[in-house]
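Novice:
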Amino acid sequence: MDLNITYSSPPPNFTGDPSLEEWKQKPHVRYLLIIGYATVILLNVIGNPLVCLVVAMNKNMRNVTNLFIANVAVSDFLVGAICMPLTLVNNLKAGWVFGRVMCTVLPMIMGMTVTASVLTLVAIAVDRYLAVMRPTDDKISNKVTCVVIAGIWTAATAIMIPAGVMSEYKDEDGHPTCHENWYFVDSKQAYSISLFVFCYLIPLSAISGLYLRAGVRLYNRTVRRQPSPNDARNDRGSNVQKLGNKVRVFKMMVAVVVLFACLHLPMWIANLINDIAPPEKQGREVLYKYIYPIAHWLAYANSCMNPFVYAVLNRNFRQGFRRAFMPRRAPRELEAPKVTYKRAAVADQQDRVEVQCRLGQESPMDSRLLRPLPSPVTLEAVNHDSRPVTPPATLEVANHDCSPGDPNFLQDDNH
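Note that the numbering used here has the sequence shown beginning at 19, numbered continuously upward.
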């Protein structure tokens with residue numbers, strides 16, 4: 019599979035074709051490319067860093083599944099920050115404009131991001147499967163998760179080394195090109211089929227099987243454990259709540275996998291057609307002018323959709339995004355005055371209570387008259403005296419202007 023071609027430029031046997039170059043320079047084509055790519059890039063570079071930020075800033079979210087989700091966000095961010103801008107520029111310019119080094123490096127980066135994403139989705143499926151099928155087993159630690167993530171990126175790099183090694187940069191008559199140059203056509207076809215099988219077909223089949231078995235088990239548990247009004251007061255209610263959390267995470271990850279499979283499938287089909295059974299000239303024009311650009315955009319658009327899935331289907335991510343966009347107001351940097359309570363003498367026998375609050379030495383008094391009490395009120399001093407205390411006619415809230423030795427002093431008890 020010609021990765022730097024499928025993600026950034028036309029195949030070599032069609033590079034430099036006057037009709038294609040002229041088509042790429044049409045205003046409506048350029049506008050569509052700029053608007054489509056810019057929209058995905060903007061959503062990508064905002065949403066995926068937010069996912070990583072929410073996981074990093076919330077200690078209770080640093081679990082195995084969320085660490086894998088953050089890894090998918092990193093992979094998607096690389097697509098939006100590196101692959102898409104270079105693809106857009108290359109589509110708007112004639113020929114390869116990024117030089118010899120990028121001709122080798124860029125195909126590897128593009129393939130690594132896709133491979134790392136699908137392998138991480140497999141790891142999440144395994145984690146969710148174990149959480150549902152073996153809930154009593156020891157959980158995977160975060161250290162082991164980080165080791166798995168490092169292994170995922172190592173494997174993704176190793177898989178994409180041939181794409182970088184076989185990329186060839188040429189500058190013929192001032193028209194630079196970059197494409198994969200395989201010595202044997204059979205080798206290129208074998209590599210393309212291998213990528214499709216090991217980076218798409220087998221991973222998604224494994225994910226489907228794991229989620230199918232886990233889904234059946236969750237369904238059976240949900241049917242057997244219908245919550246009752248008294249469940250919240252016992253251990254069974256706690257188990258039902260945990261089961262509900264697993265169901266919600268399960269639904270969210272299934273949605274992520276379905277989006278990945280559907281949006282990347284057109285790109286894989288176009289690559290296989292081009293490498294295994296390349297069409298004739300008229301068919302190539304349709305493939306390179308229409309099918310490839312749409313397939314590219316769909317595959318790239320997947321990199322910006324996951325944050326929306328998390329926001330819709332996961333309450334923790336939704337709250338984290340809300341706090342990131344609408345942080346709470348900082349509290350006023352004013353010390354709250356220390357308040358004590360002093361019982362004042364009864365001025366007269368009225369059915370009204372005057373509450374006087376003094377917030378500072380220089381603050382004026384603020385008095386409010388309350389409606390007559392419907393019946394006498396008996397107050398009991400908590401943890402001090404079990405005898406009834408007659409409510410005072412006047413309560414005065416003041417700064418520490420009464421000493422603890424005053425018999426009318428009431429100590430505030432927070433127990």
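From the three backbone atoms N, C-alpha and C, an ideal C-beta is built for every residue, glycine too. Source: prediction; values computed, not measured.
Please report the residue range of the alpha helix (DSSP H) in which glutamate 298 lies.
Specialist: For the purposes of this step, residue 298 is identified with residue 280 of the sequence shown, where counting begins at 1. First-last for glutamate 298: undefined, no H or E at that position.
Novice: When we look at the beta-carbon of proline 297 and count the other beta-carbons within 10 Å, is it buried (16 or more) or exposed?
Specialist: If you number the sequence shown from 1, residue 297 lands on position 279. With fewer than 16 Cβ atoms within 10 Å of its Cβ, proline 297 is classed as exposed.
Novice: Following the continuous alpha helix (DSSP H) through aspartate 94, name the residue where it begins and the one where it ends.
Specialist: As a position in the sequence shown, residue 94 is number 76, starting the count at 1. It spans 82-96 - the alpha helix (DSSP H) in which aspartate 94 sits, taken as one unbroken run.
Novice: Beta strand (DSSP E) containing proline 194: first to last residue?
Specialist: Working through the sequence shown from its first residue, we reach residue 194 at position 176. 193-198 is the extent of the beta strand (DSSP E) around proline 194.
Novice: Considering only residues of the same chain and omitting the five flanking positions on each side of arginine 350, which have a CB-CB separation below 7 angstroms?
Specialist: Taking the sequence shown and counting its residues from 1, the one referred to as residue 350 is at position 332. The predicted model places arginine 350 with a pLDDT of 45, which falls under 50 and marks its position as unreliable; any figure quoted below should be read in that light. Nothing meets the Cβ criterion.
Novice: Please list, in chain order, all residues of the same chain as glycine 338 whose beta carbon is under 7 angstroms from its beta carbon, the five residues on each side excluded.
Specialist: Residue 338 sits at position 320 when you count from the first residue of the sequence shown. The residues are Val72 and Asn76.
Novice: What do you get for valine 364, buried or exposed, if any count of 16 or more other CB atoms within 10 angstroms of its CB means buried?
Specialist: Residue 364 sits at position 346 when you count from the first residue of the sequence shown. Because the pLDDT of valine 364 is 42, which lies under 50, any placement of that residue in the model is unreliable, and the number read from its coordinates should be weighed accordingly. Classification of valine 364: exposed, given that the 10 Å Cβ count is below 16.
Novice: Put aspartate 204 into one of helix, strand or coil per three-state DSSP.
Specialist: Counting from 1 along the sequence shown, the entry for residue 204 is found at position 186. Helix at aspartate 204.
Novice: In its own chain, which residues sit with a C-beta less than 7 angstroms from the C-beta of valine 272, not counting the 5 before and 5 after it?
Specialist: If you number the sequence shown from 1, residue 272 lands on position 254. Answer for valine 272: Tyr229, listed in chain order.
Novice: Can you look up serine 185 in the DSSP assignment and give me helix, strand or coil?
Specialist: Counted from its first residue, the sequence shown places residue 185 at position 167. Of the three classes helix, strand and coil, the one that applies to serine 185 here is strand, per DSSP.
Novice: Give me the DSSP bridge partner(s) of glutamate 40.
Specialist: As a working mapping, residue 40 is identified with position 22 in the sequence shown. Answer by DSSP bridge pairing: none, since glutamate 40 is not bridged.
Novice: Evaluate isoleucine 164 with the Cβ neighbour count: other Cβ atoms within 10 Å of its Cβ, from every protein chain shown; 16 or more gives buried, anything less gives exposed.
Specialist: On the sequence shown, residue 164 is found 146 positions in, with the first residue counted as 1. The question names isoleucine, but residue 164 is cysteine in the sequence shown. Exposed, since its Cβ has fewer than 16 Cβ neighbours within 10 Å.
Novice: My assumption, with CB atoms under 8 angstroms, is that glycine 129 sits in contact with methionine 178. Please give the rounded CB distance.
Specialist: For the purposes of this step, residue 129 is identified with residue 111 of the sequence shown, where counting begins at 1. For the purposes of this step, residue 178 is identified with residue 160 of the sequence shown, where counting begins at 1. Their Cβ separation, rounded to whole angstroms, is 4 angstroms, which keeps glycine 129 and methionine 178 in contact under 8 angstroms.
Novice: Less than 8 angstroms between the beta carbons of valine 63 and phenylalanine 95, yes or no?
Specialist: Taking the sequence shown and counting its residues from 1, one reaches residue 63 at position 45. Taking the sequence shown and counting its residues from 1, one reaches residue 95 at position 77. Against a cut-off of 8 angstroms, the Cβ pair of phenylalanine 95 and valine 63 comes out as a contact.
Novice: With tryptophan 315 as the anchor, note down where its alpha helix (DSSP H) starts and where it stops.
Specialist: For the purposes of this step, residue 315 is taken as the residue at position 297 of the sequence shown. Start and end: 310-331.
Novice: Thinking C-alpha only, which one of Arg341, Ala313 and Lys269 is nearest alanine 288?
Specialist: Indexing the sequence shown from 1 puts residue 288 at position 270. For the residues Arg341, Ala313 and Lys269, the minimum Cα distance to alanine 288 belongs to Ala313.
Novice: Going by other Cβ atoms of all chains shown within 10 Å of its Cβ, with 16 needed for buried, is tyrosine 306 buried or exposed?
Specialist: Start at 1 with the first residue of the sequence shown, and residue 306 comes out as number 288. Result: buried.
Novice: Please classify methionine 126 as buried or exposed, where buried requires at least 16 other C-beta atoms within 10 Å of its C-beta.
Specialist: Counted from its first residue, the sequence shown places residue 126 at position 108. By the neighbour-count rule (16 or more Cβ atoms within 10 Å), methionine 126 is buried.
Novice: By the DSSP assignment, the alpha helix (DSSP H) with alanine 149 in it spans what residues?
Specialist: Residue 149 sits at position 131 when you count from the first residue of the sequence shown. Counting along the chain, the alpha helix (DSSP H) containing alanine 149 begins and ends at 117-151.
Novice: Can you grab the Cα-Cα spacing for the pair methionine 79 / phenylalanine 268, in whole Å?
Specialist: Taking the sequence shown and counting its residues from 1, the one referred to as residue 79 is at position 61. Taking the sequence shown and counting its residues from 1, the one referred to as residue 268 is at position 250. The straight-line gap from Cα to Cα measures roughly 16 angstroms.
Novice: Residues in the same chain with beta-carbon distance under 7 angstroms from leucine 68, minus the five sequence neighbours each way, listed in chain order, please.
Specialist: One-based indexing of the sequence shown puts residue 68 at position 50. Once the five neighbours on either side are set aside, the close Cβ partners of leucine 68 are Pro325, Phe339 and Ala342.
Novice: Between which two residues does the alpha helix (DSSP H) containing glycine 65 stretch?
Specialist: Reading the sequence shown from its first residue, position 47 is the one you call residue 65. Here the alpha helix (DSSP H) through glycine 65 covers 45-75.
Novice: Using beta-carbon positions only, say whether asparagine 89 and isoleucine 167 come within less than 8 angstroms of one another.
Specialist: Start at 1 with the first residue of the sequence shown, and residue 89 comes out as number 71. Start at 1 with the first residue of the sequence shown, and residue 167 comes out as number 149. Closer than 8 angstroms, so yes.
Novice: Three-state secondary structure (DSSP) at asparagine 31?
Specialist: Start at 1 with the first residue of the sequence shown, and residue 31 comes out as number 13. Note that asparagine 31 has pLDDT 40, beneath the 50 cutoff, so the model's placement of it is unreliable and the number below is only indicative. Here asparagine 31 sits in helix by DSSP.
Novice: Between which two residues does the alpha helix (DSSP H) carrying threonine 154 extend?
Specialist: Residue numbering aside, residue 154 sits at position 136 when the sequence shown is read from its first letter. Threonine 154 -> no alpha helix (DSSP H), and no H or E assigned at all.
Novice: Relative to the C-alpha of methionine 323, which candidate in Val275, Leu124, Val47 and Asp191 has its C-alpha closest?
Specialist: What you label residue 323 is simply residue 305 of the sequence shown in a count that begins at 1. Minimum Cα distance to methionine 323 is reached at Val275.
Novice: Once the 5 residues before and after phenylalanine 86 are set aside, which same chain residues still bring their CB inside 6 angstroms of it?
Specialist: Locating residue 86 in the sequence shown gives position 68, where the first residue counts as 1. Around phenylalanine 86: Thr138, Ala141 and Ile142.
Novice: Taking the alpha carbon of proline 45 as the point to measure from, which residue in Val265, Leu110, Gly65 and Asn84 has its own alpha carbon closest?
Specialist: Your numbering for residue 45 matches position 27 in the sequence shown. For the residues Val265, Leu110, Gly65 and Asn84, the minimum Cα distance to proline 45 belongs to Leu110.
Novice: I'd like the list of long-range same chain contacts for valine 144, defined as Cβ closer than 8 angstroms, with 5 residues on each side in sequence excluded.
Specialist: Looking up residue 144 in the sequence shown gives position 126. Excluding positions up to five away in sequence, the list reads Leu228.
Novice: With a CB to CB cut of under 6 angstroms and the five nearest residues on each side skipped, what residues in its chain are close to cysteine 70?
Specialist: Taking the first residue of the sequence shown as 1, we reach residue 70 at position 52. For cysteine 70, where only same-chain residues beyond five positions count, the Cβ hits under 6 angstroms are Ala88 and Ala91.
Novice: May I have the straight-line CA-CA distance separating alanine 112 from histidine 193, to the nearest angstrom?
Specialist: Within the sequence shown, numbered from 1, the residue matching residue 112 stands at position 94. Within the sequence shown, numbered from 1, the residue matching residue 193 stands at position 175. Looking at the two C-alpha atoms, the distance is approximately 8 angstroms.
Novice: Over what stretch of residues does the alpha helix (DSSP H) that includes valine 107 continue unbroken?
Specialist: Locating residue 107 in the sequence shown gives position 89, counting from the first residue. Counting along the chain, the alpha helix (DSSP H) containing valine 107 begins and ends at 102-110.
Novice: Taking the straight line between their C-alpha atoms, what separation do you get for tryptophan 41 and tyrosine 308?
Specialist: By one-based count along the sequence shown, residue 41 stands at place 23. By one-based count along the sequence shown, residue 308 stands at place 290. If I take the Cα positions, the gap works out to 11 angstroms.
Novice: Kindly list the residues whose CB is nearer than 8 angstroms to the CB of tyrosine 147, restricted to its own chain and excluding five residues on each side of it in sequence; keep chain order.
Specialist: Taking the sequence shown and counting its residues from 1, the one referred to as residue 147 is at position 129. Hits under 8 angstroms: Leu228, Tyr229, Arg231 and Ala232.
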